[in-house]
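Notes follow once the structure below has been shown.
Numbering (my numbering), first residue to last: 203 to 478.
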């Protein structure tokens, strides 16, 4: 049945690495397999602009000799090792149950391999609500191809597909992310009157996101949704958290202005010295 805006339906799409989790999936996988230098490899790829930001792990899995031995079971095992932020399960339950007269469809869009993310969120987010980088495996179990990468503009494509499938208008789309791989999709959501939430202090994403929330608790992203989307006041927000056994202890609303000044070097022009 086609939904309309009168039903107050919203699409909530979230990144995974360091948005719902504390660590990068690639770092967890590398540590598990004893592969050193993952962060250095990522920085090297970033400098060459060879791959979309966020898709570095997918590239390494396909082309780096050290990752040649990775199989699907390793990706699944790495997902089980990912440390999720507090109350990710409760966050998914809240969206599933709805808030007031509003309903929220919760999806995860990540540049990380789908097998890792689905494994990490098993029992929390349905597998068909997780969109990551899809890999193809050869008969010997080796990764043979990348069939789809949900990084950069790839996230925009997934988001548009979900809006069309769910009949969600762009202004009822909410995107949550933490880093440079979320810039394109956040700019896309902003340009269509949607809502963007950053969960990182990174200036690259803070300049784009409409709101920034810093916390180790996944439920923190509900605050801007309560305020900006549902127009709840602070008392009602505190009551909601209290109803789930959570006392909102510290809530500091601080706007940070990042300033850098460049002082030009002035050259003093003097009258030429005439020597007679």
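Glycine is no exception: its CB is placed at the ideal position from the N, C-alpha and C atoms.
Straight-line spacing of the CA atoms in residue 339 and residue 413 works out to 40 Å. Around the C-beta of residue 317, 16 or more other C-beta atoms lie within 10 Å, and the residue is accordingly described as buried. The criterion of a C-beta distance shorter than 8 Å is not satisfied by residue 418 and residue 394.
In this structure residue 313 touches residue 351 by the C-beta definition: roughly 7 Å separates them, less than 8 Å. The region 304-313 makes no contact with the region 276-292; the number of CB pairs closer than 8 Å stays below 3.
Distance from the CA of residue 421 to the CA of residue 399, rounded to the nearest whole angstrom, comes to 13 Å. Your pair residue 354 and residue 256 checks out as a contact, with CB atoms roughly 7 Å apart and the cut at 8 Å.
In the three-state reduction of the DSSP assignment, residue 324 falls in the coil class, being assigned neither a helical nor a strand state.
Pairing residue 336 with residue 437, the inter-Cα distance amounts to about 43 Å. Residue 220 is positioned such that its CB atom lies closer than 8 Å to that of residue 380. Around the CB of residue 434, 16 or more other CB atoms lie within 10 Å, so the residue is classed as buried. Going by DSSP, residue 337 is part of the beta strand (DSSP E) stretching over 332-339. With 16 or more other Cβ atoms inside 10 Å of its own Cβ, residue 334 counts as buried.
Closest in C-alpha terms to residue 269, from the list 357, 387, 211 and 343, comes 343. Between the C-alpha atoms of residue 341 and residue 227 there is a straight-line separation of about 25 Å. Out of 263, 363 and 431, the CA that lies nearest to the CA of residue 346 is found in 263. Between residue 376 and residue 211, the CB-CB gap reaches or exceeds 8 Å. Burial check for residue 234: the Cβ neighbour count within 10 Å stays below 16, so the residue is exposed. The beta carbon of residue 278 is closer than 6 Å to those of 317 and 321 in its chain, skipping five residues each way along the sequence.
In the DSSP assignment, residue 444 falls within the alpha helix (DSSP H) that extends over 436-445. Judged by their CB atoms, residue 432 and residue 213 are not nearer to each other than the 8 Å cut-off.
Distance between residue 397 and residue 424, taken at the CA atoms: about 12 Å. The beta carbon of residue 247 lies closer than 6 Å to those of 253 and 258 in the same chain, with the five residues before and after it left out.
With contacts defined by Cβ atoms closer than 8 Å, residue 294 and residue 230 do not form a contacting pair. Within 10 angstroms of the beta-carbon of residue 282 lie fewer than 16 other beta-carbons, which makes it exposed. In this model, residue 327 and residue 297 are separated by some 11 Å (Cα to Cα).
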